[in-house]
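Note that the working numbering numbers the sequence shown so that position 84 is 212, with each residue one more than the last. Glycine residues also receive a C-beta, built at the ideal position from the N, C-alpha and C atoms. On a predicted model such as this, the values are computed, not experimentally measured, just so you know. Inspection log for the structure reproduced underneath, given as structure tokens.
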Amino acid sequence: MTAAEFKKEWKPDDFFGWTEFSPEQLKRTTLSVSTKDFLKGGFPENAAPFLSFGLGDFGGKFRTVSEYYNGYHSLGTDAGKYWVFGVDGAGNPICMDAGTNDRIVLLDHEDKFQLDSIINKNVAELARCLVAYKKINEQIRAEFGQRGIADAKYSPKHIAELQKAFQEINPDIFTESDFWRDSIDDLLQNC
129 MTAAEFKKEW KPDDFFGWTE FSPEQLKRTT LSVSTKDFLK GGFPENAAPF
179 LSFGLGDFGG KFRTVSEYYN GYHSLGTDAG KYWVFGVDGA GNPICMDAGT
229 NDRIVLLDHE DKFQLDSIIN KNVAELARCL VAYKKINEQI RAEFGQRGIA
279 DAKYSPKHIA ELQKAFQEIN PDIFTESDFW RDSIDDLLQN C
């Protein structure tokens with residue numbers, strides 16, 4: 129999936145906002161050219177499950193964990209390789225790990241910004257997973273109304289469809305990504 133395909137699939141509108149990343153900000157990162165090129169196309173402001181993207185909460189600048197949280201005495205030794213570009217619902221930073229080919233990770237802000245979860249191999253894979261999750265959410269809303277997800281009206285069939293979509297993106301996703309594995313487990317517990 130290219131950045132343009134991602135934006136087209138996402139269909140940003142007034143409800144599903146879209147954030148743009150400044151090419152000047154991207155230049156100063158140590159991220160790969162392919163990651164920078166993908167991010168130039170933008171990213172959704174919010175996405176399931178409880179993820180937010182953009183630099184508004186980070187002073188409008190791409191920064192590493194060590195740059196953004198400068199002064200915290202409890203930063204882990206790897207903080208300089210993590211480029212922050214979002215947060216989860218608990219305020220944990222979503223980062224691109226420049227030390228592992230820009231792998232997408234979630235860091236625990238209450239545990240010295242240590243690795244909490246591996247999300248995806250790269251930003252393009254993350255984009256595909258977010259689109260798959262959004263499509264299942266739209267299907268659930270179409271079947272059960274706007275509160276279908278919040279009221280857990282979905283079924284194991286819906287979750288199986290999401291699992292299948294994830295495995296079509298990456299056959300090894302549930303061994304490589306504890307984040308998506310845990311997200312599926314959470315959904316199954318609620319249906």
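In the three-state reduction of the DSSP assignment, Pro151 falls in the helix class. When the alpha-carbon of Glu137 is set against those of Lys240, Ala260 and Glu296, the nearest one is in Ala260. DSSP places Phe272 in the uninterrupted alpha helix (DSSP H) bounded by Val251 to Phe272.
Per DSSP, Asp300 is not a residue of any beta strand (DSSP E), being assigned neither H nor E. At a Cβ-Cβ threshold of 8 Å, Ile232 and Val251 count as neighbours. Taken in chain order, the unbroken stretches of beta strand (DSSP E) that lie wholly in the region 185-262 and span 3 residues or more are 210-216, 221-225, 231-236 and 242-248. Distance from the Cα of Leu167 is smallest, within the candidate group Arg191, Glu152, Glu148 and Trp211, for Glu148. Your pair Thr158 and Ala207 does not check out as a contact, with CB atoms roughly 13 Å apart and the cut at 8 Å. Counting along the chain, Phe181 sits inside the beta strand (DSSP E) bounded by residues Leu179 to Phe181. Listed in chain order, the non-local C-beta contacts of Asp185 below 7 Å within the same chain comprise Val215, local neighbours out to five positions each way being set aside. Each residue's CA atom was taken as its position, placing Tyr196 and Pro177 some 24 Å apart. Here Ile247 is not near Phe302, since their CB atoms are 8 Å or more apart. Between Tyr210 and Thr228, the gap from beta carbon to beta carbon reaches 8 Å or more. Taking C-alpha positions only, Asp165 is separated from Gly217 by approximately 27 Å. Per the coordinates, the alpha-carbon of Gly199 lies some 14 Å from the alpha-carbon of His237. In the DSSP assignment, Ile312 falls within the alpha helix (DSSP H) that extends over Asp306 to Asn318. Beta-bridge analysis with DSSP links Phe171 to Thr147.
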